[in-house]
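>
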Amino acid sequence: MNHILTLIVFFPIVAGIFAFLVHPKSVRVFGISVATIEFILSIILWLGFDANTSGIQFVEYIPLISQFGMSYYLGVDGISLFLVILSTFMTMVALIAVSIKTDIKNLVIAVLFLETTMVGVFLSLDIILFYLFWEASLVPMLYIIGAWGSERRIYAAIKFFLYTFAGSVLMLVGILYMGYLFYEATGMWSFAITDWYQMALPFGTQLWLFGAFFLAFAIKVPMFPFHTWLPYAHGQAPTIGSVILAAVLLKMGTYGFVRFSLPLFPDASIYFMIPIAIIAVIMVIYAAMVAYAQEDMKQVIAYSSISHMGIIILGTFAMNAEGITGSIFLMISHGIVSGALFMLVGVIYDRRHTKMMSQFGGLASVMPTFATIYGIMLMASVGLPLTIGFVGEFLSLMGFYRIDWVITLFAGTGIILGALYMLTLYKRSFFGEVTNEENRSLKDLNGKELSALIPLVILVVLLGVYPKPILGPIDLSVKKMIQTMDNKVVTKEAKDLIYKANSIGGGE
Amino acid sequence: MEKYLYITLFAPLLGSLIAALFAAQKKMLFTGIITSILIGISFLSSVILLNYIDGDTILHVKMMDWISAGNIDIPFGFVVDQVSVIMMVTVTLVSTVVHVYSIGYMEHDKSFNRFFSYLSAFVFSMLILVMSDNFAGLFIGWEGVGLCSWLLIGFWYHKHSASWAANEAFIMNRIADLGMLMGLFLIYWKVGSLQYDIVFANIVNLDVTTLTWIGVFLFIGAMGKSAQFPLHTWLADAMEGPTPVSALIHAATMVTAGVYLVIRAGEIYALIPEVGYVIASLGAFVAVFAASMALVNRDLKRIIAYSTLSQLGYMFVAAGLGAYWIALFHLMTHAFFKSLLFLGAGNVMHAMNDELDIKKMGGLYDSMKATAILMTLASIALAGIYPFAGFFSKDKILEVAFNHEAYLLWFALFIGAALTAFYSFRLVMLVFFGEKVHKKLGFHPHEVQPFVIYALTPLALLAIVAGFFEHSFHAFVTDLLKDYEFTLDHSIALILIFATSAVALSGIGFAVYKYSRGGFSESWEKKGIYKLLINQYYIPKFYELTIQKPLYNLSKFAWQKIDLKIVDATVDMIARVLYGTGDTARKIQSGNLSSMLRWMVAGVAILLVLAIFIRPMV
Chain S
16 MNHILTLIVF
26 FPIVAGIFAF
36 LVHPKSVRVF
46 GISVATIEFI
56 LSIILWLGFD
66 ANTSGIQFVE
76 YIPLISQFGM
86 SYYLGVDGIS
96 LFLVILSTFM
106 TMVALIAVSI
116 KTDIKNLVIA
126 VLFLETTMVG
136 VFLSLDIILF
146 YLFWEASLVP
156 MLYIIGAWGS
166 ERRIYAAIKF
176 FLYTFAGSVL
186 MLVGILYMGY
196 LFYEATGMWS
206 FAITDWYQMA
216 LPFGTQLWLF
226 GAFFLAFAIK
236 VPMFPFHTWL
246 PYAHGQAPTI
256 GSVILAAVLL
266 KMGTYGFVRF
276 SLPLFPDASI
286 YFMIPIAIIA
296 VIMVIYAAMV
306 AYAQEDMKQV
316 IAYSSISHMG
326 IIILGTFAMN
336 AEGITGSIFL
346 MISHGIVSGA
356 LFMLVGVIYD
366 RRHTKMMSQF
376 GGLASVMPTF
386 ATIYGIMLMA
396 SVGLPLTIGF
406 VGEFLSLMGF
416 YRIDWVITLF
426 AGTGIILGAL
436 YMLTLYKRSF
446 FGEVTNEENR
456 SLKDLNGKEL
466 SALIPLVILV
476 VLLGVYPKPI
486 LGPIDLSVKK
496 MIQTMDNKVV
506 TKEAKDLIYK
516 ANSIGGGE
Chain F
183 MEKYLYITLF
193 APLLGSLIAA
203 LFAAQKKMLF
213 TGIITSILIG
223 ISFLSSVILL
233 NYIDGDTILH
243 VKMMDWISAG
253 NIDIPFGFVV
263 DQVSVIMMVT
273 VTLVSTVVHV
283 YSIGYMEHDK
293 SFNRFFSYLS
303 AFVFSMLILV
313 MSDNFAGLFI
323 GWEGVGLCSW
333 LLIGFWYHKH
343 SASWAANEAF
353 IMNRIADLGM
363 LMGLFLIYWK
373 VGSLQYDIVF
383 ANIVNLDVTT
393 LTWIGVFLFI
403 GAMGKSAQFP
413 LHTWLADAME
423 GPTPVSALIH
433 AATMVTAGVY
443 LVIRAGEIYA
453 LIPEVGYVIA
463 SLGAFVAVFA
473 ASMALVNRDL
483 KRIIAYSTLS
493 QLGYMFVAAG
503 LGAYWIALFH
513 LMTHAFFKSL
523 LFLGAGNVMH
533 AMNDELDIKK
543 MGGLYDSMKA
553 TAILMTLASI
563 ALAGIYPFAG
573 FFSKDKILEV
583 AFNHEAYLLW
593 FALFIGAALT
603 AFYSFRLVML
613 VFFGEKVHKK
623 LGFHPHEVQP
633 FVIYALTPLA
643 LLAIVAGFFE
653 HSFHAFVTDL
663 LKDYEFTLDH
673 SIALILIFAT
683 SAVALSGIGF
693 AVYKYSRGGF
703 SESWEKKGIY
713 KLLINQYYIP
723 KFYELTIQKP
733 LYNLSKFAWQ
743 KIDLKIVDAT
753 VDMIARVLYG
763 TGDTARKIQS
773 GNLSSMLRWM
783 VAGVAILLVL
793 AIFIRPMV
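Here it is, written out as C-alpha cells:
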C-alpha cells in the first residue's frame with residue numbers, strides 16, 4: 016500500500032501506452048479492463064483509508080528539484096478520496112457504454128491518458144505537479160472533442176482548450192508568486208500545499224493571489240459569465256466526452272476552490288464571499304432559465320450542470336462544515352447524475368441521430384426501461400430526498416443559509432426551476448402519443464447500456480439513502496480545513512465570520 | 183411493539199417493489215391482490231399500535247443514521263404518538279379500501295401492475311411523512327408523496343392534459359417546498375437540530391421574530407401540499423389522474439399533509455397566534471372561495487376537488503386558531519366521507535364510460551342504487567348533518583371561530599356550510615335523480631361489481647358513525663396536543679349548532695327543490711358571475727399570462743439574446759481581436775530587408791526609451 020497513489024495515477028497512462036500495441040478489435044475490452052482495475056485500485060485505496068483521521072494519508076514524497084522546492088508529492092484525504100473514486104468509476108462506466116466504432120483505439124488511449132491527469136489533479140499535493148496535471152488534462156479532451164465530435168467539433172474543441180488554458184496561465188503566475196513569497200518568509204523554496212497551509216499572508220496579498228487563482232477555477236467550473244465554452248463542448252463532444260467532462264473535469268474547478276482558495280487565502284475568500292455567492296445565484300437561476308429555453312436535450316443537461324455548479328459554489332463559500340461537506344458531496348452526486356444523464360442522451364442519439372426534443376414524444380411507451388432510468392436520474396437531478404442529489408443540495412443550501420438567507424432563497428429557486436426544465440424535458444420526450452413514426456420501432460436499452468447504467472442507478476439510490484460512508488470522511492477533512500482557515504486568518508472580520516458560520520443560535 | 187411500527191411502514195414498500203417488478207408486463211391480478219393484502223397488514227398493525235399508545239406510552243425508534251455533517255445529525259427516526267397513530271390508521275384504512283377498489287376500477291387498464299406499484303409507494307411515502315420524528319424525515323415523505331402524486335396524476339401519460347397537470351402539481355408544490363426548506367434551515371441554525379422533541383423543547387428560548395419566520399416558512403410549505411390560495415390551481419387539474427388516486431391522494435391523505443404539519447408544529451404556532459390567525463383567515467377565505475367555484479362546475483370530479491379545497495380551508499381555520507385536535511378530527515372524518523364520495527364518483531364514471539359532465543347524467547339512481555346511496559350518505563356527511571361524521575367535526579370548527587370572537591371567520595364558514603350543502607346536493611340531484619339525460623346520449627350505465635361496493639362499506643360506516651368517537655378522540659389526542667379551551671356559553675353553542683344545521687339543511691333543501699324542477703335556466707350562464715366562477719376567477723389564465731408565458735419568453739431571451747449575443751459574442755470577439763492583431767502584425771515578418779531594418783530601428787528606439795525612463799528594482 017506504500018505506493019498505491021503512484022500506481023493509481025500512472026497505471027492508466029502506462030496501460031494507455033501499451034494499448035498502442037493492442038489489436039483494434041480488442042482494444043475496447045482492454046480499455047474496460049484497465050479502467051476496471053483502476054477502479055478496483057481506487058476502492059482498495061478507500062478500504063485502506065482510515066476514515067477516523069482527518070489528515071492526509073498514503074503520502075508519497077520524492078524531491079524532484081529540491082533547490083526550487085519542487086517535488087513529487089501525492090496524498091489523499093477525505094476531500095480528494097471520493098473525487099478520485101468518482102473519476103475512476105465514471106471512466107469505467109463511460110468506457111463500458113461507449114458506442115463509437117471509428118478509431119476506437121485512439122479513443123481508448125485518449126480516455127486512459129485523461130484518467131491519469133484527472134486522478135493526478137486530485138492527488139497532487141505539490142502545486143507544480145497539480146498544475147502539470149491540470150493543464151495536461153486539456154489535451155486528451157481536446158482530442159476527444161475534436162476527433163469524435165459533431166459538425167462544429169473543431170470550433171468547440173479549440174474554444175474549450177484556449178478558454179480554459181488562458182484562465183490557467185494567470186494561476187501559474189499566482190503559483191510562482193506564492194512560491195516566491197514562501198521563499199521570502201522562510202528562506203527556502205516549497206511548492207508543497209501542506210507547507211503553504213502553514214503560512215499566513217497579509218490581507219492585500221491574499222486578494223491578488225485569490226484573484227489569480229479565481230479565474231482559472233471559475234472558467235473550469237464554469238462560473239457565469241465564463242461558461243459559454245461549456246454548451247459548445249457538450250453540444251459537440253461525443254457521449255463519452257460529455258460524461259467525463261461533466262462528471263469529473265468540471266469538479267476540478269470546485270475542487271480547486273476547496274483545496275487552494277479557501278485554506279490558502281481565507282481572508283480573501285471571506286472578503287469575496289458575497290460577490291461570489293451572487294455570481295453563484297446568477298448561475299443557478301440564469302442557467303436554469305436558459306436550460307428551460309433549449310430545444311436540444313443535451314443542451315438542457317449542459318446548462319443544468321452550470322446551474323448545479325452554482326449550488327456547489329454557494330456551499331463551498333458557506334465557510335462552514337455543513338456547506339462545504341455538502342458541496343463536495345454534491346460534486347460527487349452531480350458527477351454521477353449528470354454523467355448518467357449524458358449517457359442516456361447518448362443512448363437515444365445512437366438510435367435516432369438527433370437530440371431535439373421535438374423529434375420525440377411518447378418514448379415512455381416504446382422504451383419503458385429507458386424511460387424509468389431516465390426518470391430516476393431526473394428525480395436525482397432535481398434533488399428528490401432519498402436520491403443522491405438531495406443530500407448535497409440540502410447541505411449546501413443549509414450551509415449558506417447561515418451566511419445570508421436572502422441569497423439562499425434565490426439560490427433555492429434552483430429547485431423549482433430545476434423541476435421546471437427537467438419535467439418539461441421529460442414531458443416533451445417521454446409523455447404523450449408517439450407522433451414520429453421513426454420512434455415507434457426504437458429498441459429499449461440493450462445489455463451493454465444496462466450494464467453501464469444500472470450501477471449508476473444503484474449508487475443514486477444507495478447513497479441517497481445512506482450517504483454516511485462518504486459524508487463521514489469528507490466531513491472530518493473539511494472540519495480540519497476550517498480549523499486551518501481559522502488558525503491563519505489575519506482579519507478580525509474573517510475570524511468572526513468563521514466563528515459565526517460554524518455556530519448555532521445567537522442573533523443575526 | 184417496534185416490529186409493528188416497521189410492519190406498518192414497510193409493508194406498503196414491499197408491495198410497491200413487488201408490483202414494480204412486473205410494472206412493464208401485462209396485467210397480473212395478483213399484484214393488485216398482494217399490494218392490497220400488504221396495505222391491509224399495514225392497517226392492522228397500525229390498529230394494534232393505536233391500542234398500544236396511551237397517555238404515557240409512545241413509541242420512538244431510531245432506525246439508522248441518514249445525514250450527518252458539521253453539527254447536523256439527521257437519523258431515520260420514527261415516532262408513533264397520539265397524532266401520528268391517528269394519521270397512520272386513517273391513511274392505511276383509506277388506502278386499503280382504495281387498493282381493493284382499484285382492483286375493480288383498473289381492471290381493464292394495461293398498466294395495472296404499474297398502478298399498484300405507484301399507489302403503494304405513495305402509501306409508504308405518506309407513512310414516512312406522518313411517522314418521522316424530525317422535520318427532515320417529514321420532508322422525505324413530503325417530497326415522496328409529491329413524486330407519487332406526479333406519477334399518478336400523469337399515469338395516463340399519453341394524454342397531454344394528464345402529463346401537463348402532473349408537472350403543474352409537481353412544480354407548484356416545489357415552490358412551496360422551497361419555503362418549507364427555508365423553515366428547516368432556520369430551525370436548524372437556531373436550535374441546532376431538526377428532531378421534533380429537541381426543537382419543541384427549545385423554541386421557547388427563541389425570539390418572536392424568528393418564530394414568526396419559522397411559522398411563515400413552514401406554512402408556505404403547507405400551502406403547497408394542501409393547495410391553499412394562491413397555490414391551489416394544481417388540485418383541480420390533478421383530477422386528470424385515475425379516480426382512486428383522486429380519492430386517496432387528492433382528497434383523503436396527501437393534501438391534508440399541510441394540515442398535519444401545522445398540527446405537528448402546533449407548539450411553534452401556539453407561540454405566534456398572529457401567524458395562526460392569518461392561517462385561519464386564509465383558510466376561511468379558501469373555504470368560501472373554493473365552495474363558490476364548486477357551485478357552477480359541471481365536471482363531477484372537479485366539484486369534489488373544490489369541495490376538498492374548501493374543507494381543507496376549514497381544517498386550517500381550526501389549526502390556525504389553536505384547536506389542533508379539532509383540525510385533526512375533521513381531517514380524519516373528512517378522509518372517510520370524501521374518499522367515499524370520490525370512489526362513488528369513480529363508479530359513476532365507469533358507468534358513464536368516463537364521461538364527467540354531470541349535466542349529461544341524471545336519473546342514474548335506477549341503474550346504480552348502491553352507489554347512489556353511498557354517495558348520498560357521503561354528501562350528507564359532507565354537508566354536516568346530524569348524526570353524520572361531518573356534523574361533529576365541522577360544527578366544532580365553527581364553534582372555535584365563534585369562541586375566538588373571530589366573527590368574520592365564523593360568518594365565512596357559516597356561508598361555506600350553506601354552499602357546501604348546496605353544491606353537494608346539486609351534484610347528487612344532477613347525477614342520480616331528475617331527467618335521464620344520459621339515455622338520450624346513448625349511455626348504458628350499469629352498477630360496478632359487488633366486491634367494489636363491499637369495499638366501500640367501511641368508509642360509509644365510518645362516515646356515519648365516526649362523529650360519535652369525538653370524546654374518546656379528544657381525550658386521546660389531547661395527551662399530546664394542546665387542548666382547546668371553550669369559553670363559549672353552552673346555550674350559545676347550542677344556538678350555533680342549530681343555526682349551522684339549519685343553514686346546511688336549507689342548502690340541501692334548496693338544491694333538491696331547484697334541481698328536481700329542472701335546475702337553473704340557461705340564461706344564468708350568460709351572467710358575469712357565472713363566467714367568473716366557471717373560469718375559476720380567471721386565476722389559471724392569469725398565471726398563464728403573468729408567469730408561465732413571461733418566464734418562457736424571458737428564458738428564450740436569456741438564451742438567444744444574452745447568452746449567445748452578449749456573453750458568448752464577447753468571448754469570441756476577444757478571440758477575434760487577438761487573432762486579428764496577430765494577423766496584422768504578421769506583415770512585419772515580410773522578409774523584406776529594408777522594412778525589417780526600419781522595424782528594428784523602431785524597436786531599438788523603444789528599448790532605449792524604456793531603459794532610460796523605467797528602472798525597476800534599483
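Keeping their order, the protein sequence lines are chains S and F.
If you count the first sequence from 1, position 496 lands on 511 in my numbering, and the numbers rise without skipping.
If you count the second sequence from 1, position 486 lands on 668 in my numbering, and the numbers rise without skipping.
Ideal Cβ placement from N, Cα and C applies to all residues, glycine included.
The structure presented is a predicted model; accordingly, all values stated were derived computationally and were not measured.
Inspect the beta-carbon positions of A517 of chain F and A509 of chain F and report whether they are closer than 8 Å.
no
> Taking contact to mean 3 or more Cβ pairs, one atom from each stretch, closer than 8 Å, check whether the segment 407-416 of chain F and the segment 373-380 of chain F are in contact.
no
> Going by beta carbon distance, what residues of the same chain come within less than 7 Å of Y436 of chain S, once the five residues before and after it are set aside?
For Y436 of chain S, where only same-chain residues beyond five positions count, the Cβ hits under 7 Å are A303, A306, Y307, V315 and S319.
> Based on the DSSP output, what are the partners of A675 of chain F in its beta bridges?
Bridge partners of A675 of chain F: none, in fact.
> With 8 Å as the C-beta to C-beta threshold (strictly closer), list the residues of the segment 457-490 of chain S near chain F in chain order.
So the list reads V480, Y481, P482, K483, L486, G487, I489 and D490, given in the order they occur along the chain.
> How close, in whole Å, do the beta carbons of A802 of chain F and G566 of chain F come, if the pair is a contact with beta carbons under 8 Å?
No information on residue 802 of chain F is available, as it lies outside the stretch 183 to 800 that chain F covers here.
> Measure the alpha-carbon distance for T394 of chain F versus I454 of chain F and round it to whole angstroms.
Taking the straight line from one Cα to the other gives about 6 Å.
> Against N542 of chain S, what residues of chain F qualify as contacts under a CB-to-CB distance less than 8 Å, listed in chain order?
There is simply no residue 542 of chain S to check, as chain S begins at 16 and stops at 523 in what is shown.
> In the DSSP assignment, find the unbroken beta strand (DSSP E) run with P78 of chain S in it and report its ends.
Q72 to I80
> What three-state label does DSSP hand I454 of chain F in the structure shown?
Taken through DSSP and simplified to helix, strand or coil, I454 of chain F comes out as coil.
> If contact means a Cβ-Cβ distance below 8 Å, which residues of the segment 407-440 of chain S contact chain F?
F409, L410, L412, M413, G414, Y416, R417, W420, T423, L424, G427, T428, I430, I431, A434, L435, L438 and T439
> Would you kindly work out how many angstroms separate the C-alpha atoms of M354 of chain F and W416 of chain F, rounded to a whole number?
In this structure, the CA atom of M354 of chain F is about 7 Å from the CA atom of W416 of chain F.
> Assuming L157 of chain S is part of the alpha helix (DSSP H), what are its boundary residues?
L153 to W163
> Using a threshold of 8 Å, state whether the C-beta atoms of T682 of chain F and L580 of chain F are closer than that.
yes
> Would you please verify whether the beta carbon of E448 of chain S is less than 8 Å from any beta carbon of chain A?
In the structure shown, chain A cannot be found, because the protein chains are S and F.
> Taking only the alpha-carbon atoms, compute the straight-line gap between V154 of chain S and K174 of chain S and give it to the nearest angstrom.
13 Å
> Closest to F573 of chain F by C-alpha separation, out of F:L301, F:I540 and F:L513, would be which residue?
F:L513
> Which residue comes first and which comes last in the alpha helix (DSSP H) that contains D247 of chain F?
Where D247 of chain F is concerned, there is no enclosing alpha helix (DSSP H), although the beta strand (DSSP E) it sits in stretches over L241 to A251.
> Against chain F, with Cβ distances strictly below 8 Å, would P383 of chain S count as a contact?
yes
> Within the same chain, show all residues whose beta-carbon is closer than 8 Å to that of D490 of chain S, passing over the 5 residues directly before and after it, in chain order.
Once the five neighbours on either side are set aside, the close Cβ partners of D490 of chain S are G93, A336 and T340.
> I'd like the span of the alpha helix (DSSP H) that includes L89 of chain S, first residue to last.
First-last for L89 of chain S: M85 to V91, but that is the beta strand (DSSP E), not the alpha helix (DSSP H).
> Give a yes or no on whether the minimum CB-CB distance between P240 of chain S and chain F is below 8 Å.
Closer than 8 Å to some Cβ of chain F, the Cβ of P240 of chain S qualifies, so yes.
> Are any of the Cβ atoms in chain S nearer than 8 Å to that of D665 of chain F?
no
> Using the Cα positions of M312 of chain S and T132 of chain S, report the straight-line distance between them to the nearest angstrom.
29 Å
> Spell out whether any CB of chain F is found under 8 Å from the CB atom of I519 of chain S.
yes
> Which residues in the same chain have their Cβ closer than 6 Å to the Cβ of G376 of chain S, if we skip the five residues on either side of it in sequence?
G447 and T450
> Does the beta carbon of A784 of chain F come closer than 8 Å to any beta carbon on chain S?
no
> Measure the C-alpha to C-alpha separation of G522 of chain S and L388 of chain F and round it to an integer number of angstroms.
A caution first: G522 of chain S carries a pLDDT of 49, below 50, which makes its placement in the model unreliable, though a value can still be read off. So the alpha carbons of these two residues sit roughly 10 Å apart.
> For V305 of chain S, return the contacting residues in chain F, with the cut-off set at a CB-CB distance below 7 Å.
S737, A740, W741 and D745
> Could you tell me whether the segment 258-277 of chain S touches the segment 90-106 of chain S, where touching means 3 or more Cβ pairs closer than 8 Å?
yes
> I'd like the span of the alpha helix (DSSP H) that includes I255 of chain S, first residue to last.
Here the alpha helix (DSSP H) through I255 of chain S covers T254 to I259.
> Could you compute how far the alpha carbon of I396 of chain F sits from the alpha carbon of L368 of chain F?
Each residue's CA atom was taken as its position, placing I396 of chain F and L368 of chain F some 7 Å apart.
> Using only alpha-carbon positions, find the residue among F:I486, F:N479 and F:L400 that is nearest to R446 of chain F.
F:L400
> For the alpha helix (DSSP H) containing P400 of chain S, name the first residue and the last one.
Counting along the chain, P400 of chain S falls outside any alpha helix (DSSP H), and DSSP gives it neither H nor E.
> Within 10 angstroms of its Cβ, does V126 of chain S collect 16 or more other Cβ (buried), or is it exposed?
buried
> Tell me where the alpha helix (DSSP H) around V315 of chain S begins and ends.
M312 to T331
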